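For reference, the structure discussed in these notes is given below.
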Amino acid sequence: MTLFSSLQFEYLIRILIAGLCGGIIGYERENRMKEAGIRTHFIVCLSAALMMIVSKYGFQDQIGTNDISLDPSRIAAQVVSGVGFLGAGMIFMKRQSIKGLTTAAGIWATAGIGLAFGAGLYIIGLISSAIIVIAQTILHRNFSWLSIPRIEGITLKISNEPEVLEYIEEMLKKESIKIMNFKAKRGKPDNATNNSKSIELELTLKVPQTYDAPKLLSLMEKNSNIRYLEI
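Residues 1 to 231 in full-length UniProt numbering are what the sequence shown lists, from first letter to last.
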């Protein structure tokens, strides 16, 4: 057997095509400033193809020797679970909102594409890559039928006056923003009177998907009794 046979050349082509498709998927993610970009998707897809090739063809010399039976699916199964662990590290929670879930799912799907190329399923791998890129591109557009509210968390420091709370409630209602949950606590008391002159609010809001956050800031700033705002 030569050092670089025609079969090994075919395996190399599979690995390169897998890496290319992974890079294309990663480009779409990186273009949207997501956690995992071209390099991550490229390496995951290429590595998955490599592991599939090793699993399927790397032990051919052992088949039939001393009654050894091999299961080519074992390494592939470990790739799926291992990439799932990698994807879990990309998911985090920020102010009641889960971030990175789509990117983690994309990494998992990219590993599947790499396994498909490693197994020699070129058409399946190419079509799956195209479907993922097209779906990610289309579904990120602002279609009204796909628009769902998003959860936002804001922190307010307001004067301890009843009309301030009424203003915030009315303003949010006009903007079609619903208060899902809130926490309130009194600010530090005044040293002279020992009375609290401020209230700190933590609001969890259901905001329309296309709502512009800076607009909410400008509306809040119109009321001088709102001393501090963080989104």
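Even for Gly, the Cβ is constructed at its ideal location relative to N, Cα and C. All values derive from a computational prediction rather than experimental measurement.
DSSP places N223 in no alpha helix (DSSP H); its state is neither H nor E. If you draw a straight line from the Cα of A109 to the Cα of K34, it comes to about 16 Å. The way I'd put it, the segment 194–208 does touch the segment 159–177; three or more beta-carbon pairs between them come closer than 8 Å. Between I134 and V44, the gap from beta carbon to beta carbon reaches 8 Å or more. Taking F117 as the centre and dropping the five residues before and after it, the same chain places the C-beta of R14, I17, A18, A49, G125 closer than 6 Å to its C-beta, in chain order. When the five nearest sequence neighbours on each side are left out, the beta carbons in the same chain lying within less than 6 Å of the beta carbon of R227 are those of K157, in order along the chain. Looking at S159, S47, V79, S176, the one whose alpha-carbon comes closest to that of G22 is S47. Short of 7 Å from the beta carbon of T102, and not among the five residues preceding or following it, lies no beta carbon of its own chain. Within the same chain, Cβ atoms closer than 7 Å to the Cβ of L86 are found at I107, the five residues on either side in sequence being excluded. Nearest C-alpha to I179 among I38, Q78, P208: P208. Straight-line measurement puts the Cα of Y27 at about 22 Å from the Cα of V80.
Across the structure, Y122 and R39 are spaced so that their CA atoms are roughly 22 Å apart.
With a beta-carbon spacing of about 5 Å, A119 and M52 fall inside the 8 Å limit used to define contacts.
The continuous stretches of beta strand (DSSP E) do not include A119, and DSSP gives it neither H nor E. It is roughly 46 Å from the alpha-carbon of K222 to the alpha-carbon of H41. Of all alpha-carbon atoms in G153, K174, V83, the one lying nearest the alpha-carbon of A111 is that of V83. For G100, there is no enclosing beta strand (DSSP E), as DSSP marks it with neither H nor E.
For E161, the secondary structure class from DSSP, reduced to helix, strand or coil, is coil.
When the alpha-carbon of V164 is set against those of E152, K185, L139, I199, the nearest one is in I199. Around E161, the same chain offers N225 as residues with beta carbons nearer than 8 Å, after the five sequence neighbours per side are excluded.
Per the DSSP secondary-structure output, V207 pairs in a beta bridge with R150.
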